[in-house]
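Notes to accompany the following structure.
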Amino acid sequence: MKSTQVVIIGGGATGAGILWDLSLRGISAILLEQGDIANGATGRCHGLLHSGARYVAKDLETARDCLAENRIIKTIAPHCVEDIGGLMVQCPQDDPAFFEQWWRAAGDADIPSRRLNAEEALALEPNLAANILGAFTCPDAHVDVFRLVLANIEAAVGRGARFHTYSKVNSIQSADGRVRGVGYSNTLTGEKHEIACEVVINAAGGWAQEAAALAGVEVPVRCDKGTLLVLNHRPSSRVINRCRKSGDGDILVPAGPVCILGTSSMSVPGPDGLTASPEEINYLLQLGAELIPGVADARILRIFCGARALYVPAKVDSAGGREISRSYALFDHETLGGVGGFISIVGGKLTTYRLMAAAVCDCVAGKLGVQSECTTGKVPLRPVDDCKAHRRINELLPLPVAEKMERRLGPAVTRVIEAIDARPELAELVCECEMVTRAELEYVLGEASPIPAQTIADIGRRTRLGFGPCQGTFCGYRAMLAGFQTHRWTASQAAKEFSSYLHERWKGQALIQEGKQVEQLDLSHELYGADLSTCAYSGEPDGK
Amino acid sequence: MESNHYDVVVVGAGLSGLTAAGVAACQGLRVALVATGPGSFVLGSGYLKTQEILAAGPADELSEAIAFFCEMAQAAGCPFEGQFSSSRHLPTILGDFQSVTFAPRPLWNAEPRNDTSTAIVGIRELSYFDENFMAERLSDQARLLGSSCTYSARQISLARSCGAPTTTLRIAKRFDYDAGFRAELIEALRPAAAGFVRVLVPGMLGLCSREQQIAQFESELGCTVCELPTLPPSIPGLRLFHLLSRHLSKLGVELLQGFPVSKLQIQDGVCMELEVASPGHPMVLRGECAVLATGQHSSTLLGVDCNGHDEQMHPLTSSGSVMAGNLFVAGTALPGSSGSSGDVMEILTGHRAGSFAAATRGHYAAR
Ligand SMILES: Cc1cc2nc3c(=O)[nH]c(=O)nc-3n(C[C@H](O)[C@H](O)[C@H](O)COP(=O)(O)OP(=O)(O)OC[C@H]3O[C@@H](n4cnc5c(N)ncnc54)[C@H](O)[C@@H]3O)c2cc1C
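Residue numbers (this note's numbering), protein chains in the order written: chain A, 18 to 561; chain B, 55 to 421.
Structure representation (structure tokens):
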């Protein structure tokens with residue numbers, strides 16, 4: 018049986034942050050994630066690296082945390098952040114008293130901000146509604162969530178930590194009131210495994226209650242659904258917030274070549290099987306158009322939902338989703354009369370993942386008697402690059418391709434460059450929107466990458482393949498063939514994998530009612546058959 | 055009559071627009087076909103799927119429309135073949151088989167046939183067609199269908215003539231105009247084809263090659279050659295488009311390609327003019343009637359709110375009244391229609407709208 022000091026349940030930002038923090042403290046840990054990296058709220062969130070601006074008028078403490086973390090993440094993980102800045106836009110429909118309240122609070126929280134009149138704001142962002150009254154600037158940014166999680170894990174794995182995707186924890190063993198290990202199964206193959214450990218950390222986000230139940234304890238969380246729309250282009254170059262008491266549809270985050278509009282807030286029973294209604298989508302679009310009128314005619318690429326796991330202190334249990342604090346809570350179940358060595362971390366935000374991880378790791382270190390201090394705020398997640406690879410990459414690839422690839426891969430770019438040097442045909446683009454070369458695709462599929470992709474969607478999370486307008490219709494097919502050609506999959510496994518990948522991509526587009534993306538989806542259905550007959554014949558023929 | 059005046063103006067050159075223009079032209083009407091480019095069928099396989107045939111109904115009208123289409127395709131040099139009562143299996147891009155009722159005649163040669171040894175030939179310089187993937191998949195799937203057809207993978211190189219890498223589009227163009235290239239392709243295929251009854255290649259045998267030309271290619275190679283579906287654009291689909299366009303042009307249809315119709319002038323329930331957004335100065339077309347086969351996925355038709363259509367294919371306004379008596383719609387992406395895209399529906403509605411449009415002859419001439 019494998020053994021380690023700590024097992025972490027959940028490979029979202031929080032779990033990944035904990036793995037990295039523990040590895041810096043010299044505590045051995047294994048992270049188990051039931052899906053791929055960022056399978057939960059992390060992979061379905063807005064990607065706004067909050068500066069605190071959104072919370073400052075209501076919750077000064079959270080705003081301060083966000084601001085501090087915003088600065089830290091920009092320095093430790095610059096390759097994951099698009100430091101584009103943000104605006105808090107004053108709309109004529111909203112309460113002017115709030116604008117002043119916001120301005121004072123921002124001053125109290127030391128959020129660097131400038132006050133712009135309408136003309137100045139429109140000069141910065143000409144696509145904003147012409148009737149806006151003005152705006153405040155703030156240091157909001159976009160963070161690539163997949164890359165951030167990957168960066169934490171890669172750094173941790175580099176220090177000896179272990180990480181398993183598609184590994185669902187389904188039991189927690191304990192004896193004499195202490196946890197002794199966990200049992201988990203591979204969700205792709207069904208194989209079962211066990212790990213002996215001293216501490217188990219529940220960083221399962223929306224699934225925290227289920228995970229806690231495995232240890233026979235409870236955690237007070239509530240799932241709150243948010244819906245986001247991915248639009249085809251960037252109508253603004255900064256994060257656009259609406260300066261009012263937090264509401265629906267009031268944030269637009271430019272993310273790479275696209276932008277994300279949202280979000281709603283709705284209580285749901287759990288994090289699985291979330292969908293959005295057409296009314297909800299229209300409502301979000303309508304609200305978005307109040308900020309940026311062009312949004313009404315934008316091409317929607319896909320629609321997705323995520324579940325925030327909100328921490329519900331007993332006394333505010335009756336309040337609605339947005340009224341519940343977005344700050345986090347740590348439960349050391351040992352001190353709460355539960356099982357020893359079991360810790361839950363719930364709530365919080367992506368932006369504060371590092372802070373949450375630090376709190377958890379302090380607690381773990383105490384339990385294990387390890388003298389240590391958190392250093393994740395100072396140590397960059399990625400070592401400084403090697404310039405030799407830089408020069409060679411520019412000889413082999415067009416500049417935009419080279420730049421994107423370097424940002425994604427960092428030092429690992431050397432390997433990809435070597436591959437292209439040896440086989441120039443690997444420079445061919447597999448995904449034109451995100452400029453993913455065949456060489457990069459083979460790298461993320463291969464054993465040389467720290468967390469090899471298992472599925473086509475995994476490839477997407479590592480390279481952004483399939484995130485553009487075709488939504489995988491063309492590049493997903495090419496990725497499937499690459500998996501077949503590199504002997505990752507047999508032909509029928511490859512076809513099956515591609516079918517399930519496409520079905521997921523189709524789901525995200527099915528709710529779109531009008532415009533170009535509907536034609537795109539029809540094309541995809543037409544090409545592969547809307548019923549994907551592959552599934553109908555399912556499986557291996559006899560004798561195999 | 056002014057030079058920009060037509061009996062029927064058809065907007066859109068998908069299967070529905072081409073069919074509608076064909077119907078009107080065959081009745082001796084003066085037809086203009088305006089389109090930004092080919093329709094979406096050039097992205098698909100070029101087959102008429104059984105599933106779509108079954109979903110289309112009503113049977114009489116459908117068989118009339120399909121018969122008309124097959125005749126038109128035959129005259130254009132890309133005959134379609136099939137029978138309503140039977141469906142057969144043709145490969146998809148994922149390497150399984152789908153039920154097909156009508157297909158261009160040469161494409162039927164990709165059917166699984168018992169005890170037929172078949173080579174699937176890939177081209178080294180062509181990525182994203184993988185002969186090994188196709189051979190493994192089709193062999194498995196043929197077995198599931200109870201066929202003893204076997205598929206083997208072979209690869210050839212066109213490095214000498216195409217360089218690396220290349221596309222099916224580039225190969226198809228060379229195939230059309232360069233007899234030397236065709237001869238070279240035959241030489242390259244010959245060793246790969248040795249010992250096989252059939253050779254399946256990715257769709258690439260010319261953008262304008264008629265059936266006879268492909269037959270000649272086969273006879274020079276001494277073996278049946280057939281094309282498999284690829285990622286878009288589909289060469290057999292483009293071929294159908296080009297040949298049908300040429301055919302219509304021979305029938306006297308004026309093809310105005312490359313620019314969108316940007317505006318409809320509707321007055322007192324009559325569509326007076328269509329504006330084409332040609333660069334510089336917009337072109338104005340007058341038609342006694344117009345067929346919109348634009349396949350738009352939106353609730354507005356060229357800027358006019360539209361809410362489905364009536365039985366005569368007249369588009370309806372949002373309040374449910376006929377927009378214009380001389381305006382017709384066709385296609386599967388009609389506002390208000392729930393159907394997903396389908397080539398069969400394109401043909402059926404194109405035929406229907408074309409017939410209704412032709413029947414208005416004379417009604418609106420007095421304007
Ligand atoms: C719509 C929406 C928008 C948001 N926007 C922002 C934003 O712009 N900025 C911001 O800072 N925050 C945002 N958030 C909040 C943010 O997404 C979350 O706070 C954060 O991602 C939580 O990360 P996590 O790691 O704690 O949880 P998760 O990301 O949910 O991770 C939990 C993981 O645990 C895994 N897991 C669960 N059970 C098991 C098991 N038994 N075995 C193995 N693995 C298991 C799950 O698969 C999952 O991957 C948003 C949230 C939503 C829903």
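We put the beta carbon where it would ideally sit given N, CA and C, even for glycine.
| query | Do you know offhand how far Gly-32 (chain A)'s Cα is from Gly-102 (chain A)'s? | reply | Within the first sequence, residue 32 (chain A) is the residue found at index 15, counting from 1. Within the first sequence, residue 102 (chain A) is the residue found at index 85, counting from 1. About 27 angstroms.
| said: Using C-beta distances below 6 angstroms, list every residue in its chain close to Trp-120 (chain A), excluding the 5 sequence neighbours before and after it, in chain order. | reply: Reading the first sequence from its first residue, position 103 is the one you call residue 120 (chain A). Counting only residues of its own chain and dropping the five nearest sequence neighbours on each side, Trp-120 (chain A) has no CB closer than 6 angstroms to any other CB.
| task | Would you tell me roughly how many angstroms separate the C-alpha atoms of Ala-315 (chain A) and Ile-309 (chain A), rounded to the nearest one? | result | In the first sequence, the residue the question calls residue 315 (chain A) occupies position 298. In the first sequence, the residue the question calls residue 309 (chain A) occupies position 292. Between Ala-315 (chain A) and Ile-309 (chain A), the alpha-carbon positions lie close to 10 angstroms from each other.
| query | Taking Cβ-Cβ distances below 7 angstroms as the criterion, which residues of the segment 189-204 of chain B are in contact with chain A? | reply | For chain A, the residues of the segment 189-204 of chain B that bring a beta carbon within less than 7 angstroms of one of its beta carbons are Glu-190, Arg-191, Asp-194, Gln-195, Arg-197, Leu-198, in chain order.
| said: Below 9 angstroms on C-beta distance, what does Leu-285 (chain B) contact in chain A? | reply: As a first step, residue 285 (chain B) must be located in the second sequence, where it is residue number 231. The answer, in chain order, is Thr-490, Phe-491, Tyr-494, Arg-495, Leu-544.
| For ligand 1, any of its heavy atoms closer than 8 angstroms to the Cβ of Ser-184 (chain A)? | For the purposes of this step, residue 184 (chain A) is taken as residue 167 along the first sequence, with counting starting at 1. Yes; taking the cut-off as 8 angstroms, the Cβ of Ser-184 (chain A) has a heavy atom of ligand 1 nearer than that.
| Gly-358 (chain A) and Lys-384 (chain A): beta carbons closer than 9 angstroms? | Looking up residue 358 (chain A) in the first sequence gives position 341. Looking up residue 384 (chain A) in the first sequence gives position 367. Contact flag set, yes.
| Element boundaries [alpha helix (DSSP H), containing Ser-191 (chain A)] | Within the first sequence, numbered from 1, the residue matching residue 191 (chain A) stands at position 174. First-last for Ser-191 (chain A): 184-192, but that is the beta strand (DSSP E), not the alpha helix (DSSP H).
| request: Output, in chain order, the set of chain B residues within a Cβ distance shorter than 7 angstroms of Ser-509 (chain A). | output: In the first sequence, residue 509 (chain A) corresponds to position 492, counting from 1. Those are Arg-191, Asp-194, listed as they occur along chain B.
| said: Let me check one thing: in DSSP terms, what residues is Val-65 (chain B) bridge-paired to? | reply: Here residue 65 (chain B) refers to the residue found at position 11 of the second sequence. Looking at the DSSP output, Val-65 (chain B) bridges to B:Val-88, B:Leu-346.
| Going by Cα to Cα distance, which pick from A:Pro-109, A:Leu-482, A:Pro-428 is closest to Thr-454 (chain A)? | One-based indexing of the first sequence puts residue 454 (chain A) at position 437. Ranking A:Pro-109, A:Leu-482, A:Pro-428 by Cα distance to Thr-454 (chain A) puts A:Leu-482 first.
| task | Tell me where the alpha helix (DSSP H) around Ser-541 (chain A) begins and ends. | result | In the first sequence, the residue the question calls residue 541 (chain A) occupies position 524. Taken as a continuous stretch (DSSP letters only), the alpha helix (DSSP H) holding Ser-541 (chain A) covers 533-545.
| message | Can you tell me whether Gln-51 (chain A) is helix, strand or coil according to DSSP? | response | Here the question's residue 51 (chain A) lines up with position 34 in the first sequence. Coil.
| task | With distances taken Cα to Cα, identify the nearest neighbour of Ala-496 (chain A) among A:Cys-260, A:Gly-525, A:Gly-463. | result | Numbered from its first residue, the first sequence carries residue 496 (chain A) at position 479. Comparing Cα-Cα distances from Ala-496 (chain A) to each of A:Cys-260, A:Gly-525, A:Gly-463, the minimum goes to A:Gly-463.
| query | Touch check for the segment 324-335 of chain B and the segment 126-146 of chain B: three-plus C-beta pairs under 8 angstroms? | reply | Fewer than three Cβ pairs drawn from the segment 324-335 of chain B and the segment 126-146 of chain B lie within less than 8 angstroms of each other, which leaves the two stretches out of contact.
| query | How do the segment 189-208 of chain B and the segment 145-155 of chain B stand: do at least 3 beta-carbon pairs fall below 8 angstroms, yes or no? | reply | Proximity of the segment 189-208 of chain B to the segment 145-155 of chain B meets the contact definition, three or more beta-carbon pairs being nearer than 8 angstroms.
| said: Quick check on DSSP: helix, strand or coil for Gly-98 (chain B)? | reply: As a working mapping, residue 98 (chain B) is identified with position 44 in the second sequence. Here Gly-98 (chain B) sits in coil by DSSP.
| said: Using a Cβ-based criterion (distance less than 8 angstroms to any ligand heavy atom), does Asp-241 (chain A) qualify as near ligand 1? | reply: Numbered from 1 along the first sequence, position 224 holds the residue referred to as residue 241 (chain A). It does: the Cβ of Asp-241 (chain A) is within 8 angstroms (strictly closer) of some heavy atom of ligand 1.
| Cα-Cα separation, Met-452 (chain A) to Gln-209 (chain B) | As a position in the first sequence, residue 452 (chain A) is number 435, starting the count at 1. As a position in the second sequence, residue 209 (chain B) is number 155, starting the count at 1. Spanning the alpha carbons of Met-452 (chain A) and Gln-209 (chain B) requires a straight line of approximately 28 angstroms.
| said: What ranges does the alpha helix (DSSP H) occupy inside the segment 105-185 of chain A, keeping only unbroken runs of at least 4 residues that lie completely in it? | reply: Counting whole runs of 4 or more residues, the segment 105-185 of chain A contains the alpha helix (DSSP H) stretches 113-125, 135-141, 162-175.
| request: Let me know if Thr-206 (chain A) comes out buried or exposed under the rule of 16 or more other beta-carbons within 10 Å of its beta-carbon. | output: Stepping through the first sequence from its first residue, residue 206 (chain A) is reached at position 189. Thr-206 (chain A) should be labelled exposed.
| Who does Ser-361 (chain A) pair with in a DSSP beta bridge? | Along the first sequence, one-based indexing puts residue 361 (chain A) at 344. Bridge partners of Ser-361 (chain A): A:Asn-219, A:Phe-348.
| field | First and last residue of the uninterrupted beta strand (DSSP E) at Ile-268 (chain A) | value | Numbered from 1 along the first sequence, position 251 holds the residue referred to as residue 268 (chain A). Start and end: 268-272.
| query | So, helix, strand or coil for Ser-409 (chain B), using DSSP? | reply | Here residue 409 (chain B) refers to the residue found at position 355 when the second sequence is read from its first residue. In the structure shown, Ser-409 (chain B) falls within a helical segment according to DSSP collapsed to helix, strand and coil.
| query | In this structure, does DSSP put Gly-341 (chain B) in helix, strand or coil? | reply | What you label residue 341 (chain B) is simply residue 287 of the second sequence in a count that begins at 1. In the three-state scheme derived from DSSP, where H, G and I count as helix and E and B as strand, Gly-341 (chain B) is classed as strand.
| query | Closest by CA to Asp-76 (chain A), which one among A:Ser-263, A:Gly-290, A:His-96? | reply | Translated into the one-based positions of the first sequence, residue 76 (chain A) becomes position 59. A:Ser-263 is the residue among A:Ser-263, A:Gly-290, A:His-96 whose C-alpha sits nearest the C-alpha of Asp-76 (chain A).
| For ligand 1, any of its heavy atoms closer than 8 angstroms to the Cβ of Glu-297 (chain A)? | Residue mapping note: residue 297 (chain A) aligns to position 280 of the first sequence, counting from 1. Answer for Glu-297 (chain A): no, Cβ out of range of ligand 1.
| request: Kindly give me the distance between the Cβ atoms of Gly-341 (chain B) and Leu-356 (chain B), rounded to whole angstroms, as I take these residues to be in contact under 8 angstroms. | output: As a first step, residue 341 (chain B) must be located in the second sequence, where it is residue number 287. As a first step, residue 356 (chain B) must be located in the second sequence, where it is residue number 302. Going by Cβ atoms, the distance from Gly-341 (chain B) to Leu-356 (chain B) rounds to 14 angstroms, so no, they are not a contact pair.
| Collapsed DSSP secondary structure at Asp-359 (chain B) in the structure displayed | Against the second sequence, residue 359 (chain B) aligns to sequence position 305. Here Asp-359 (chain B) sits in strand by DSSP.
| First and last residue of the uninterrupted beta strand (DSSP E) at Ala-326 (chain A) | Here residue 326 (chain A) corresponds to residue number 309 of the first sequence, with the count starting at 1. The continuous beta strand (DSSP E) containing Ala-326 (chain A) extends over residues 317-328.
| What three-state label does DSSP hand Asp-241 (chain A) in the structure shown? | Residue 241 (chain A) sits at position 224 when you count from the first residue of the first sequence. Asp-241 (chain A): strand per DSSP, three-state reduction.
| query | For Asp-125 (chain A) versus Ala-374 (chain A), is the C-beta distance shorter than 9 angstroms? | reply | In the first sequence, counting from the first residue as 1, residue 125 (chain A) sits at position 108. In the first sequence, counting from the first residue as 1, residue 374 (chain A) sits at position 357. Not in contact: Asp-125 (chain A) and Ala-374 (chain A) (Cβ atoms no closer than 9 angstroms).
| request: Decide if the segment 132-139 of chain A is in contact with the segment 283-293 of chain A; the criterion is three or more beta carbon pairs, one per stretch, under 8 angstroms apart. | output: Touching, no.
| query | Which chain B residues are close to Arg-512 (chain A), counting only those with a beta carbon under 9 angstroms from its beta carbon? | reply | On the first sequence, position 495 is the one that residue 512 (chain A) refers to. Inspection of the sequence shows that residue 512 (chain A) is occupied by Ala rather than by Arg. Residues of chain B with a Cβ closer than 9 angstroms to the Cβ of Ala-512 (chain A) are, in chain order, Leu-148, Gly-149, Asp-150, Phe-187, Arg-191.
| Residues bridged to His-210 (chain A) [DSSP beta-bridge criterion] | Counting from one through the first sequence, the residue named residue 210 (chain A) turns up at place 193. DSSP lists A:Tyr-201 as partners of His-210 (chain A).
| message | What would DSSP say about His-96 (chain A), mapped onto helix, strand or coil? | response | Here residue 96 (chain A) is taken as the residue at index 79 of the first sequence, counted from 1. Under the three-state reduction of DSSP, His-96 (chain A) is assigned to helix.
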